[in-house]
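Residue numbers for the sequence shown follow my numbering, so the first one is 3 and each next one is one higher.
Beneath this line is the structure, given in structure tokens, with notes to follow.
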Amino acid sequence: MVIIAGAIVDISHHQGTINWSKFSKAVDIVIIRTQDGSSVEDTMHTYNEQQAIKYKVPFGVYAFNRASSAAAARIEAKNFYQRANKNTKFYVIDVETFSSSGSIGGSGESMRSVINAYVAQLRALTKKKIGLYIANHLYDDLNLDVTKFDFVWIPRYGVTPPSHPFDMWQYTETGTVEGVSGKVDLNRLAGKKTLAWYIGDDPKKEEGTENIKKGELTITQYEELKKRIEELEKALGKKDSKVSEVHKEGWAWAKKEGIMDGQNPKKFVTREMLSSVLFKKFNKKK
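See the structure below:
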């Protein structure tokens, strides 16, 4: 179920000079582009970051990936981190092209290895959350390791949500927001990651962990454990409960002698049940 959480807008120099006195009242969080690869720094990112701070609007930052190799990705990550304002709540790597393709002058490395190098370098520089923006139609072909990221952001315009697991959905590129003269991208949140999760100051705190003590489970951990238990119970319920051919004769004799009740032939025997079996067999009154 997709949950609308106010105006979540991503911006770049394409929006020109934004009227932040109006814009700040219309948005809950803004995601500001820092760069398009290492060579192109967004001309408006510093201004937008300063205005976000001035008007107390929480913001994240993103960088369009152009890295042609793992080595180039590490350089891009450093440039991204150095250029972005340190008041950002999170960083996002925007992956929409096969930048490492040998046919376009890339290294020929897999995009998976390139982006793994990018996020690893960012992890070495910051403890803040790191997200992945990935094109919905290229999701399978890019084959990125989404487990390396704290959240996944996918664009798919219209009323149909992305066809892959996501935490944030960019649902339109033709949105309108007060303070911006042109069109903007608008986004929605999904799942358990609320707006508070994105703008929280603790980069590693999981939603619902405030009062968690040693040995206890977070809400997310509990739900995952519950799901696994349900899957296991379902699988066990399908297990064949018929008596194995090699034990049919013995099982029939035990039922006839009253040693077993004839139910659940493949269930485990407890110590109490074993005591009853032995009592019935060896403690008969003479």
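In this text, a Cβ means the ideal position worked out from N, Cα and C, and glycines have one as well.
Each of 245, 23, 12, 70 was checked against the Cα of residue 62, and the nearest Cα belongs to 12.
Note that the segment 45 to 58 does not touch the segment 100 to 119; fewer than 3 beta-carbon pairs, one per stretch, sit closer than 8 Å.
Beta-bridge pairing by DSSP links residue 155 to 135, 170. A residue is called buried when at least 16 other Cβ atoms come within 10 angstroms of its Cβ; residue 187 meets this threshold and is buried. Every alpha helix (DSSP H) of 4 residues or more that sits fully in the segment 91 to 143 is shown, in chain order, as 113 to 127. Unbroken alpha helix (DSSP H) stretches of 4 residues or longer found wholly inside the segment 11 to 82: 22 to 28, 47 to 56, given in chain order.
Only exposed fits residue 259, as fewer than 16 other CB atoms lie within 10 angstroms of its CB. Under the three-state reduction of DSSP output, residue 146 falls in the coil class, being neither helix nor strand. A Cβ-Cβ separation of about 15 Å leaves residue 94 out of contact with residue 144 under the 8 Å criterion. By the Cβ-count criterion, residue 22 is buried, with 16 or more other Cβ atoms from all chains shown falling within 10 Å of its own Cβ. Sorting 119, 266, 131 by C-alpha distance to the C-alpha of residue 195 places 131 at the top.
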